[in-house]
Amino acid sequence: MIYVFAVLVVVLIDILITYRLIKYKNEDYKKYRKENLGLIISGTAVLVITKIPSLYLFILLGINALLFITVLTRFQNNHERRTD
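Next comes the structure, spelled out in structure tokens:
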């Protein structure tokens, strides 16, 4: 039962972050950058602590890693545009 709850929490976090990445543009996105990174890290911690069976763990960790990279690169791209 705890596995189902952990997977559900992480999937909901990933959906929220994906929604924010799609919806918000430059200025609004900056507000959510730290919160998005915190959510990704906490979701990853939930996965590691609950020790979900390997296949689900690798799939969800991969999704979280992609979201983490996307959040960081999007901030970097916005930052580079401002300094030009």
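Residue numbers (this note's numbering): 934 to 1017.
By construction, the Cβ of each residue, glycine as well, lies at the ideal position given by its N, Cα and C atoms.
- Listed in chain order, the non-local C-beta contacts of residue 979 below 8 Å within the same chain comprise 939, 942 and 943, local neighbours out to five positions each way being set aside.
- Ranked by Cα distance from residue 998, the first of 950, 983 and 937 is 950.
- The alpha carbon of residue 1004 has as its nearest neighbour, out of 937, 972 and 936, the alpha carbon of 972.
- Distance from the CA atom of residue 970 to the CA atom of residue 976, rounded to whole angstroms, is 10 Å.
- With 16 or more other Cβ atoms inside 10 Å of its own Cβ, residue 946 counts as buried.
- Residue 982 and residue 948 have their C-alpha atoms some 21 Å from each other.
- Taking the Cα of residue 1001 as reference, the smallest distance to any Cα among 988, 974, 991 and 992 is reached at 974.
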